[in-house]
Amino acid sequence: MFEIATKVHDETRQGEAFAPFALDANVYTRFFYIESYGCQMNFSDSEIVASILGENGFGATRNVEEADLILLNTCSIREKAEQTVRKRLTEFRKLKKQRPQMLVGVLGCMAERLKAKFLEEERLVDLVVGPDAYRSLPHLIEEADSGQKGVNVLLSRDETYGDIAPVRLNSNGVTAFVSIMRGCNNMCSFCVVPFTRGRERSRNAESIIRECKDLYASGYKEVTLLGQNVDSYYYVPEADGKPVTFAMLLEQVALVSPQMRVRFSTSHPKDITDDVLFTMAKYENICKYIHLPLQSGSTRVLQLMNRSYTREWYMAKVARIKEIMPDCALSSDVIAGFCTETEEDHQDTLRMMAYSQYDYSYMFFYSERPGTLAQRRYADDIPEAVKKKRLQEIVDLQGKLSRESNQRDVGKTFKVLIEGVSKKSDAHWMGRNSQNKVIVFAKGSYALQTGDYVTVIVTGYTQATLLGEIKS
Ligand code: SAM
Ligand code: SF4
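Each residue of the sequence shown is one higher than the last, beginning at 228 in the numbering used here.
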């Protein structure tokens, strides 16, 4: 069980290894060990990889010592993420010296960028497989078994893995992620994703609905629809040629069952439409929570970032959300110290955070990424000490906003979906409200179980968690 928010990039899960498949009766002769880094898309992709490997005779293990195949599903978003993976690979190289038959592979976003370095220069790995090439894994493993290097980093214009049923690993059995699109066409100047994950493409709507129905039938009570920019989801079925927009998809998923909650991540502020907002408002089971990354509060910096909205435009979007759904929670991504950022620009970011009253934010200092528009066009000219100081101010302000938001919830009642037993106490449940806030409350004498809904009154809070009592 994890007492964590549905995070785009969750620090507590970085490098997490998957547990063996639950209730898996197959007998395997070979085992794979996989660690995932980066955003939720990568964790979701690891479930697709697990499915492909499972079909090909590999069982999952959490014990690196018994693995025949070690995989790292990597992230390139910031330099630190890449350094962590590099360190892990060096550790695995030592293991490989003792067990030369064992294969080590790099998957995901670092694959394309660093394949030559990993394979030839540093000789760290046997396999390098990009995010669109996981179907070729069994073949590449065969090649690597025979002593060649297995490499496929080709990006695709149409791969969505729509027909592959992901193996739900490390699942709490209540909440699941469903990938609805891949890649990104936005070209934000700081971001490496369009280069590492390729062009945007939307998954077949029918296969998404089928997956959500299957999840509900297996006891899941919440799905989070995943994509770098879910609001630009657009799928045209061959059968009738009638396009499915994100608002339409959201409605169809909400209709799977009123008992199944629907969340989504991430929304680009320029793409979230009134249609989406009205659909959210119409269905109680679509959670009232939007992750709407701001990045910067200064129009000048936003322009350099190629975000295609201004400060005023973003403010109007926040106002519209609150107008249509007054109870909707908001979270954000914020970058401190982007190229040329002045103190005034930074103050604009702080003012915008205060205006938007984010319940939560993911906060980073700018990390220049090779090949991005910003790296080619602008100097990374903000000294590290200034970046860190500004980031600290952003973190401090968010801490204050989160506390104030929690304080406003004291005395309110919420419908909470129980996700599991609290990590800190067996006598307490942990669950989440529609606004995505974690609530911990005493089990009492009620006959409740994981996956049940319960009404909870908030009685207090800590920095990251609401505390409550079951309302009888
Ligand atoms: N697609 C999402 C969006 O547009 O908001 C998020 C994608 S990215 C995986 C998650 C976050 O990482 C971004 O919103 C941004 O704040 C941060 N990020 C991306 N590139 C960065 C960089 N070069 N330096 C620091 N933070 C970065
Ligand atoms: Fe990166 Fe921008 Fe695409 Fe998000 S929308 S993945 S920040 S390019």
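Virtual Cβ for every residue (Gly too), placed ideally from N, Cα, C.
- Taking a cut-off of 8 Å for Cβ pairs, the stretch 571 to 582 and the stretch 609 to 627 touch, as three or more such pairs fall below it.
- Non-local beta-carbon contacts of residue 317 in its own chain, meaning distances under 8 Å to residues more than five positions away in sequence, involve 351 in chain order.
- By the CB criterion at 8 Å, residue 507 and residue 552 fall inside the cutoff.
- Burial state of residue 569 is exposed, judged by a 10 Å Cβ sphere holding fewer than 16 other Cβ atoms.
- Residue 627 sits exposed, since fewer than 16 C-beta atoms from the chains shown fall within 10 Å of its C-beta.
- For residue 630, the secondary structure class from DSSP, reduced to helix, strand or coil, is helix.
- In its chain, beyond the 5 residues on either side, 654, 655, 696 have a beta carbon closer than 7 Å to the beta carbon of residue 669.
- The C-alpha of residue 348 is placed about 32 Å away from the C-alpha of residue 278.
- Residue 361 sits away from residue 308, with the two beta carbons spaced by 8 Å or more.
- For residue 656, the beta-bridge partners assigned by DSSP are 648, 668.
- The shortest CA-to-CA distance from residue 593 to any of 339, 417, 404, 403 is the one to 417.
- In the structure shown, residue 269 adopts helical secondary structure according to DSSP, grouped into three states.
- For the pair residue 409 and residue 387, the CB atoms are nearer than the 8 Å cut-off.
- Within its own chain, the residues whose Cβ lies closer than 8 Å to the Cβ of residue 295, once the five positions on either side in sequence are excluded, are 257, 258, 259, 285, 328, 329, 330, listed in chain order.
- When only Cα atoms are considered, residue 364 and residue 356 end up about 7 Å apart.
- For residue 319, the uninterrupted alpha helix (DSSP H) run begins and ends at 306 to 325, by DSSP.
- Secondary structure at residue 436: helix, using DSSP grouped into helix, strand and coil.
- In this structure residue 514 touches residue 489 by the C-beta definition: roughly 7 Å separates them, less than 8 Å.
- The ligand SAM has a heavy atom closer than 7 Å to the beta-carbon of residue 522.
- Only buried fits residue 379, as 16 or more other CB atoms lie within 10 angstroms of its CB.
- Between residue 631 and residue 556, the alpha-carbon positions lie close to 13 Å from each other.
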